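Here is the structure we will look at.
Numbering (full-length UniProt numbering), first residue to last: 1 to 413.
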């Protein structure tokens, strides 16, 4: 009597969502093969952790879910089964302890991604998950056979179910190139256009500003989006004047709304408070004092404490003549209008928006038009700010898709 074979699940993509899908399907009793286009798994995960691995966030669940904007309900459903606390406990199972930083972000105690990834891959191998690197998926096929391009030529693989976890379209050099979007759309999968998220923006700097201040940090500063009606909703932090415009954590926090405004109106205006904590009236009073032979720049510095890139920003927006009126300068210091032209290219963004629309998936993240095909991670149509929210949703969606794939194949045996 022959021994019955286990159901086979293929996971395409070796990032956090794919690895979590593989772990979950394997724990449910499936044979699992992971296919990765690059020469090793988790490359973007490792790079994202280079400055300190921000694994998740300590926000309460309702606040946490709100970070996903219009997708909050769907992502909250994923998080109900695998939230930030569950993720921290999972990391502890790999020997990685975590702590909550002053900003509420959660980090491994050593701040590194590599030990966690090494331990995870080792455990997956011990559990029987098979890895196939340098295998580029060629897109869906009419007969359902998975076809890959490898250094040794084409390869085919048959699975009972497939989990797609191919990432978004940011950082293509690490594997997330969005090349999956066109073939999936051609196969009838509903795809929202891929867009940059957590990105910088172009500003038409003068050559002088670009030459002298590109790379200069702007801090402390408050930023708000000028919608022309409601009072500004200020957020404080820091950002950077780049060669092409403006970027940094505070800009990224507003980037989704700024991107959408540019898409709808052709441009967006970012307001900058260059002197948080100082009142406009006091600034105007100080600027109105006699210059006593001091240069315009020196008078500005002595009166307001602003010099360097902050003073240069005022000159960029107001022009040299505009710096002569104390009321105008004081108002600009507290709400400097910076015109943003466009988001930076998606390849430069930290993450991407768009992807397989959640409406095209069932509650187990199976593609409705392709039974047995599931999807997870950043290739789905959701987005979130930095701060651990991106990774947490990738882990949680991978777990949901892996469990869904295992249940689907087992129900058909």
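We put the beta carbon where it would ideally sit given N, CA and C, even for glycine. As the structure is a computational prediction, the values presented were derived from the model and not from experiment.
Original post:
What residues in its chain sit with their C-beta under 6 Å from that of residue 8, if we drop five residues either side in the sequence?
Top reply: The residue given as residue 8 occupies position 8 in the chain shown. Here the set comprises 31, 159, 160.
Original post:
From residue 256 to residue 197, what distance separates their C-alpha atoms?
Top reply: On the chain shown, position 256 is the one that residue 256 refers to. On the chain shown, position 197 is the one that residue 197 refers to. Cα to Cα, residue 256 sits roughly 6 Å from residue 197.
**OP:** Check residue 53 in the structure and name its three-state DSSP category.
**Re:** Sequence index remark: in the chain shown, residue 53 carries index 53 (1-based). It is coil, neither helix nor strand.
Subject >> chain B contact for residue 99 (CB, 9 Å cutoff) >> reply: In the structure shown, chain B cannot be found, because there is only a single protein chain.
**OP:** Just confirm the distance between the C-beta atoms of residue 304 and residue 350, as a whole number of angstroms; I'd bet it's less than 8 Å.
**Re:** On the chain shown, residue 304 is found 304 positions in, with the first residue counted as 1. On the chain shown, residue 350 is found 350 positions in, with the first residue counted as 1. Rounded, the Cβ-Cβ distance is 33 Å, inconsistent with contact.
Original post:
Is the CB-CB distance between residue 306 and residue 271 below 9 Å?
Top reply: Locating residue 306 in the chain shown gives position 306, where the first residue counts as 1. Locating residue 271 in the chain shown gives position 271, where the first residue counts as 1. No.
**OP:** Could you tell me whether the Cβ atoms of residue 83 and residue 392 are closer together than 9 Å?
**Re:** Position 83 of the chain shown, counted from the first residue, corresponds to residue 83. Position 392 of the chain shown, counted from the first residue, corresponds to residue 392. Contact: yes.
Subject >> Own chain, CB closer than 7 Å to residue 169, minus 5 neighbours either side, in chain order >> reply: Start at 1 with the first residue of the chain shown, and residue 169 comes out as number 169. So the qualifying residues of the chain are 176, 177, 178, 194, 346, 352.
Subject >> Buried/exposed call for residue 374, threshold 16 Cβ in 10 Å >> reply: Reading the chain shown from its first residue, position 374 is the one you call residue 374. With 16 or more Cβ atoms within 10 Å of its Cβ, residue 374 is classed as buried.
Original post:
By Cβ distance below 6 Å, which residues in the same chain neighbour residue 252 in space, the five residues on each side in sequence not counted?
Top reply: The count along the chain shown starts at 1 and reaches residue 252 at position 252. For residue 252, where only same-chain residues beyond five positions count, the Cβ hits under 6 Å are 198, 386.
Subject >> Cβ neighbours of residue 3 in the same chain (closer than 7 Å, five flanking residues each side left out) >> reply: Indexing the chain shown from 1 puts residue 3 at position 3. For residue 3, the predicted model reports a pLDDT of 46, less than 50, meaning its position is unreliable; a value from the coordinates is still stated below. Hits under 7 Å: none found.
Original post:
To the nearest angstrom, how far is it from the Cα of residue 166 to the Cα of residue 38?
Top reply: Here residue 166 refers to the residue found at position 166 when the chain shown is read from its first residue. Here residue 38 refers to the residue found at position 38 when the chain shown is read from its first residue. Near 11 Å, if we compare the C-alpha coordinates of residue 38 and residue 166.
**OP:** Mind the definition here: the stretch 95–106 touches the stretch 52–66 only if three or more C-beta pairs lie below 8 Å; say whether that holds.
**Re:** yes
Original post:
In three-state terms, what does DSSP make of residue 3?
Top reply: The residue you call residue 3 lines up with position 3 of the chain shown. Residue confidence for residue 3 is low, a pLDDT of 46 falling below 50, so the modelled location carries little weight; the figure read from the coordinates is stated next. DSSP places residue 3 in coil when its eight states are reduced to three.
**OP:** Note the first and the last residue of the continuous beta strand (DSSP E) segment covering residue 337.
**Re:** If you number the chain shown from 1, residue 337 lands on position 337. 336–340 is the extent of the beta strand (DSSP E) around residue 337.
Original post:
Opposite residue 195 in the DSSP bridges: which residues?
Top reply: As a first step, residue 195 must be located in the chain shown, where it is residue number 195. Beta-bridge pairing links residue 195 to 353.
Original post:
Rounded to a whole number of angstroms, what is the C-alpha to C-alpha distance between residue 219 and residue 249?
Top reply: Within the chain shown, residue 219 is the residue found at index 219, counting from 1. Within the chain shown, residue 249 is the residue found at index 249, counting from 1. So the alpha carbons of these two residues sit roughly 12 Å apart.
Original post:
Looking at residue 91 and residue 79, is the spacing between their C-beta atoms short of 9 Å?
Top reply: The sequence position of residue 79 within the chain shown is 79, counting from 1. The sequence position of residue 91 within the chain shown is 91, counting from 1. No, Cβ-Cβ distance for residue 79 and residue 91 is not below 9 Å.
Original post:
When burial is assigned at 16 or more other CB atoms within 10 Å of the CB, is residue 201 buried or exposed?
Top reply: Mapped onto the chain shown, residue 201 falls at position 201. Buried: at least 16 other Cβ atoms inside 10 Å.
Original post:
CB-CB under 8 Å to residue 327, same chain, minus the five flanking residues each way: which ones, in chain order?
Top reply: As a first step, residue 327 must be located in the chain shown, where it is residue number 327. Closer than 8 Å at Cβ, skipping near neighbours: 284.
Subject >> Sequence-distant residues of the same chain with beta carbon closer than 6 Å to residue 100, five excluded per side >> reply: For the purposes of this step, residue 100 is taken as the residue at position 100 of the chain shown. Around residue 100: 58, 106.
**OP:** Helix, strand or coil for residue 164, going by three-state DSSP, please let me know.
**Re:** Along the chain shown, one-based indexing puts residue 164 at 164. Here residue 164 sits in strand by DSSP.
Subject >> Pair within 9 Å by beta-carbon distance, residue 390 and residue 396 >> reply: Within the chain shown, the letter at position 390 stands for residue 390. Within the chain shown, the letter at position 396 stands for residue 396. No, they are not a contact pair.
Subject >> residue 183 to residue 191 span [Cα, whole Å] >> reply: Sequence index remark: in the chain shown, residue 183 carries index 183 (1-based). Sequence index remark: in the chain shown, residue 191 carries index 191 (1-based). Distance between the alpha carbons of residue 183 and residue 191 is about 10 Å.
Subject >> Assigned exposure category for residue 5 - 16 Cβ within 10 Å defines buried >> reply: Reading the chain shown from its first residue, position 5 is the one you call residue 5. Per the 10 Å Cβ criterion, exposed.
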